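Undergrad:
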Amino acid sequence: MEYRQDKETGLSSNNRSLLVALFTIVLLIWGPIDPYGMVVRIIYLVALPTVLWFSLGYFGKNWKADNQSNNRLARGIAGIIAGALFVGAYLSFAASYHTECTQSVRTRDGSECVGDYVSVPGRDISGTFIYVTLGAVATWYAISKHNDNDTSG
């Protein structure tokens, strides 16, 4: 018989790390660059996740959650990410146009685009494959067994 202790622990360190990582990825992808420059981008890519990390550490202790609630939160976040990736895969597969590089050069670890990105007719098969693969990984994380014993926060 397995003894399971479901006492209130607050936000787990795994969930705090997951939320800060997602926030940082969103800033990397959709954060502004043009009007401010790279110095400001680097500052907010370091400062905002750091503030979020310490805020979640401070306020996460007061959150009345047990291990099972933390597990559900991690699975829910992974499920939302998987759904978004599968929607992206569908949109990429059903698109009338996608972008391709006009000229690339060979490097020692692959190739690098040195030309322009232009719109070409047709669906983006490689983008669809990447979205489906990442969606499958997120789905696997959402449905796999997790360790519920992380109470540090």
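Here UniProt numbering is used: the first residue of the sequence shown is 1, the next is one more, and so on.
Just so you know, even glycine gets a beta-carbon here, dropped at the ideal spot from N, CA and C.
Note that this is a predicted model, so its numbers are computed, not measured.
1. On a Cα-Cα basis, can you pick out the residue from Pro49, Phe23, Val40, Leu18 that is closest to Arg75?
2. For the candidate residues Ser13, Val105, Phe86, Phe54, whose alpha-carbon lies nearest to that of Asn71?
3. Does the distance from the C-beta atom of Gly127 to that of Ser92 stay below 8 angstroms?
4. Have a look at Ser144 and Phe23 and give me their C-alpha separation to the nearest angstrom.
5. Pick out the complete alpha helix (DSSP H) segments inside the segment 64-124, 4 residues or longer, and give them in chain order.
6. Would the beta-carbon of Gly83 fall within 8 angstroms of that of Arg16?
7. With 16 other CB atoms within 10 Å as the buried threshold, where does Asn67 fall?
8. Check the C-beta distance from Asp116 over to Thr107 and give it rounded, since I have them as a contact under 8 angstroms.
9. Quick one: measure Cβ to Cβ for Val20 and Leu52, integer angstroms, because I've assumed they're closer than 8 angstroms.
10. Since Tyr131 contacts Ala78 with CB under 8 angstroms, what's their CB separation in whole angstroms?
11. Distance, Cα to Cα, Ser98 vs Val118?
12. Based on Cα-Cα distance, which residue from Phe86, Ile43, Ser96 lies nearest to Gly135?
13. According to the neighbour-count rule (16 or more other Cβ atoms, all chains shown, within 10 Å of its Cβ), is Gly10 buried or exposed?
14. Counting C-beta neighbours from all protein chains within 10 Å, is the total for Asp34 16 or more, i.e. buried, or is it exposed?
15. Leaving out the 5 sequence neighbours to the left and right, which residues in its chain are closer than 6 angstroms to His146 when beta-carbon positions are compared?
TA: Let me spell this out:
1. Leu18
2. Ser13
3. yes
4. 23 angstroms
5. 67-94
6. no
7. buried
8. Their Cβ separation, rounded to whole angstroms, is 18 angstroms, which puts Asp116 and Thr107 out of contact at 8 angstroms.
9. 5 angstroms
10. Rounded, the Cβ-Cβ distance is 15 angstroms, inconsistent with contact.
11. The displayed chain sequence assigns His, not Ser, to residue 98. Straight-line Cα distance between these residues: approximately 8 angstroms.
12. Phe86
13. buried
14. exposed
15. Asn71
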